[in-house]
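Visitor: Quick note on the numbering used here: the sequence shown kicks off at 59 and runs consecutively.
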Amino acid sequence: MKIAIVTGASSGLGIEFVRQIEDLYVGLDEIWVIARREQRMELLVKELKTPLRIFALDLLLENSFTIISNMLEKENPDIRMLVNAAGFGKIGDTETVSVKSQTDMIEVNCKALTQLTCLCLPYLSAGSRIINIASSASFCPQPGFTVYAATKSYVLSFSRGLGSELLNKGIVVTAVCPGPVDTEFFDIAGSKENINALKKLVIAKPEQVVRLALLDSVSKKSVSVYGIAMKIINVALKLIPHSMVLKIIRRL
Ligand SMILES: NC(=O)c1ccc[n+]([C@@H]2O[C@H](COP(=O)([O-])OP(=O)(O)OC[C@H]3O[C@@H](n4cnc5c(N)ncnc54)[C@H](OP(=O)(O)O)[C@@H]3O)[C@@H](O)[C@H]2O)c1
59 MKIAIVTGAS
69 SGLGIEFVRQ
79 IEDLYVGLDE
89 IWVIARREQR
99 MELLVKELKT
109 PLRIFALDLL
119 LENSFTIISN
129 MLEKENPDIR
139 MLVNAAGFGK
149 IGDTETVSVK
159 SQTDMIEVNC
169 KALTQLTCLC
179 LPYLSAGSRI
189 INIASSASFC
199 PQPGFTVYAA
209 TKSYVLSFSR
219 GLGSELLNKG
229 IVVTAVCPGP
239 VDTEFFDIAG
249 SKENINALKK
259 LVIAKPEQVV
269 RLALLDSVSK
279 KSVSVYGIAM
289 KIINVALKLI
299 PHSMVLKIIR
309 RL
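#1: Comparing alpha-carbon positions, which option in D240, I286, S275 and G147 lies nearest G70?
#2: Sorted by chain position, which residues of the same chain lie with C-beta nearer than 6 Å to M288's C-beta, five sequence neighbours on each side aside?
#3: Could one say the Cβ of E265 lies closer than 7 Å to chain D's Cβ atoms, at least one of them?
#4: Can you find the residues in the same chain that come closer than 8 Å, C-beta to C-beta, to E242, ignoring five residues on each side of it along the sequence?
#5: Using the Cβ count rule (16 or more neighbours within 10 Å means buried), how would you classify S156?
#6: Can you tell me whether D116 sits near ligand 1, meaning its C-beta is under 6 Å from at least one heavy atom of the ligand?
#7: Compare the C-alpha of R138 against each of K305, T204, A233 and L182 and name the closest.
#8: If you scan the segment 91-151 from start to end, which runs of the alpha helix (DSSP H) of 4 or more residues do you find wholly inside it?
#9: Can you look up V239 in the DSSP assignment and give me helix, strand or coil?
#10: Hey, out of K278, G85, I286 and A114, whose CA is closest to G34's CA?
#11: Looking at the strands, I want to know which residues DSSP matches up with S68.
#12: In this structure, how does DSSP classify I61 when only helix, strand and coil are distinguished?
#13: What residue range does the beta strand (DSSP E) around T232 cover?
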């Protein structure tokens with residue numbers, strides 16, 4: 059059975075991946091979708107030609123991974139694509155955001171992504187793809203969004219290291235590093251008013267970010283950055299010392 063697995067499939071980038079994966083892969087038997095909001099994923103069933111297998115699971119709970127692991131063992135699928143899109147951020151200085159929110163960010167953005175990837179590895183083979191959603195926040199520390207940015211630096215580093223390990227097996231790993239995207243992300247991160255003027259100027263549509271991510275994965279790119287503004291920021295942050303960038307961010 060050929061399958062794709064998508065986390066964060068109830069909203070934003072994840073739901074868009076489910077929609078576009080169907081166009082990319084002819085002959086997928088099922089797409090396994092993972093998120094907490096079951097009804098949202100059920101709505102997708104009517105939209106798609108490929109059968110969906112819905113896992114209404116909270117990735118903060120260890121039992122969720124037992125359920126996925128048991129299902130993988132039972133079905134022994136050929137995973138053609140794994141998309142780790144589940145994630146969230148909380149805006150605010152580290153001393154003001156609750157400790158639970160900060161550790162939950164690490165759990166979902168880093169631990170769950172790593173755990174699911176490791177569980178899936180035995181079922182991936184030559185030509186399989188892993189897409190991990192990092193962020194442009196991974197390029198540099200971000201005061202006021204410190205823990206989130208740190209989790210995304212982890213995702214970028216993990217993806218690049220894993221991609222190198224899997225190169226000889228023909229498995230492609232792509233870290234997606236978008237700037238702001240028009241999803242529910244900022245409703246959860248804080249209020250939409252927290253999006254500064256620069257972010258409003260460069261905000262992207264999830265359809266565009268996902269389309270490029272899939273094209274970059276097909277082109278075997280290790281990193282996918284949507285939009286000219288984010289590409290410039292990415293290059294600039296490799297050239298300018300981060301201490302100087304942090305001073306500029308504080309002033310903004
Ligand atoms: N939007 C942006 O500006 C932006 C920019 C760069 C990177 N990103 C990254 O892109 C990814 C997708 O975010 P998005 O923009 O699409 O935001 P979103 O619309 O809020 O989607 C987040 C998804 O993650 C799932 N999720 C969150 N916590 C979960 C948990 N404990 N268990 C299972 N699923 C969980 C949510 O599903 P349920 O709530 O149904 O569980 C939802 O499907 C995230 O990793 C985010 O960090 C977003």
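Even glycine gets a Cβ: it sits at the ideal position worked out from N, Cα and C.
Guide: With the structure as the only source:
#1: Minimum Cα distance to G70 is reached at D240.
#2: For M288, the CB contacts under 6 Å within the same chain, skipping 5 residues up- and downstream, are S194 and G237 in chain order.
#3: In the displayed structure, chain D is absent; only one protein chain is listed.
#4: Sequence-distant Cβ neighbours of E242 in its own chain, meaning closer than 8 Å and more than five residues away, are S69 and G70.
#5: Exposed, by the Cβ-count rule.
#6: Placement of the Cβ of D116 at a distance of less than 6 Å from at least one heavy atom of ligand 1 is found.
#7: It is L182.
#8: Fully enclosed alpha helix (DSSP H) runs of no fewer than 4 residues occupy 96-105 and 120-133 of the segment 91-151, in order along the chain.
#9: Correct three-state label for V239: strand.
#10: As shown, the chain starts at 59 and ends at 310. That puts residue 34 outside it, with no answer to give.
#11: DSSP, once it has assigned bridges, lists no residue as partnering S68.
#12: Assigned with DSSP and collapsed to three states, I61 falls in strand.
#13: If you look at T232, you'll find it in the beta strand (DSSP E) that goes V230 to V234.
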